[in-house]
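This report refers to the structure that appears directly beneath it.
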Ligand SMILES: Cc1cc2nc3c(=O)[nH]c(=O)nc-3n(C[C@H](O)[C@H](O)[C@H](O)COP(=O)(O)OP(=O)(O)OC[C@H]3O[C@@H](n4cnc5c(N)ncnc54)[C@H](O)[C@@H]3O)c2cc1C
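Numbering (full-length UniProt numbering), first residue to last: 1 to 179.
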């Protein structure tokens, strides 16, 4: 139905998916998409151009363009290697992906893009990247602060808290004249 936005002559080849259910069949009919039921055998190509779709019955349906729905296969072994708990994403009975839902408490693992949201498009995935980078920075700052507190406490115990502090960064050098 999405493709119907771009052209009036749209057919749906069901191939091995079976005919659409009653509701979808009615919708397709309403928007003017005819359904070609039955398995597809091959495409017909002449002079390096698509000419049609050959059904297993032998019938050739003339076509200039063919769009095939991709079969998504998760490529996410890294999740197992890292031991990160992941949720499953299905499209009907097919497993199409695994992802790490937000709030999953895996320490020191930051996820972005389709690994956190399988439906994310490029612009969303990029914004996740920014969020992940910010989370990394915040965690590193906290880690540094924790380490500084540990040093401070150790210094207090030793009676020299000042020596335990890391040197402060110099912000500016100003010369003051005295009379
Ligand atoms: C058919 C299709 C059409 C799409 N069309 C659009 C579109 O028109 N516009 C749009 O904005 N978005 C589109 N998207 C979505 C877009 O592809 C994603 O939003 C985007 O790719 C997500 O980026 P990502 O970095 O999260 O994942 P990916 O782009 O999948 O990048 C992950 C990378 O990690 C690599 N990788 C995996 N495991 C390992 C490992 N163990 N070690 C090293 N590398 C590893 C993979 O090889 C891959 O290169 C489409 C997606 C599909 C499937």
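Cβ atoms here follow ideal geometry from the backbone N, Cα and C, with glycine treated the same way.
When burial is assigned at 16 or more other CB atoms within 10 Å of the CB, is residue i buried or exposed?
| i | result |
| --- | --- |
| residue 117 | buried |
| residue 53 | buried |
| residue 99 | buried |
| residue 95 | exposed |
| residue 90 | exposed |
| residue 3 | exposed |
| residue 201 | This structure cannot speak to residue 201, because the chain is shown only from 1 to 179. |
Among residues of its own chain, excluding the 5 on either side of residue i, which ones have a beta-carbon nearer than 8 Å to its beta-carbon?
| i | result |
| --- | --- |
| residue 50 | 43, 44, 63, 64, 65 and 66 |
| residue 25 | 19 and 35 |
| residue 11 | 33, 34, 35, 36, 61 and 63 |
| residue 131 | 112 |
| residue 120 | 113, 114 and 128 |
Considering only DSSP beta bridges, list what residue i is partnered with.
| i | result |
| --- | --- |
| residue 11 | 34 |
What distance in whole Å lies between the Cβ atoms of residue j and residue i, which are believed to be in contact at a cut-off of 8 Å?
| i | j | result |
| --- | --- | --- |
| residue 13 | residue 33 | At roughly 11 Å, the Cβ-Cβ gap does not stay under 8 Å, so residue 13 and residue 33 are not in contact. |
| residue 41 | residue 28 | Not quite, the Cβ-Cβ distance comes to about 23 Å (not below 8 Å), so this is no contact. |
| residue 101 | residue 87 | 5 Å |
| residue 112 | residue 125 | 7 Å |
Only counting the same chain, and skipping five residues up and downstream in sequence, which positions put a Cβ closer than 7 Å to that of residue i?
| i | result |
| --- | --- |
| residue 57 | 38 |
| residue 92 | none |
Excluding five sequence neighbours on each side, which residues of the same chain lie with their C-beta closer than 6 Å to the C-beta of residue i?
| i | result |
| --- | --- |
| residue 76 | 98 |
| residue 109 | 82 and 84 |
> Curious, which full-length beta strand (DSSP E) runs of at least 3 residues does the segment 18 to 105 contain?
Replying inline: 34 to 36, 40 to 46, 49 to 55, 60 to 62, 87 to 91 and 94 to 99
>> Give the list of continuous alpha helix (DSSP H) stretches no shorter than 4 residues that lie fully inside the segment 109 to 161.
In response: 122 to 157
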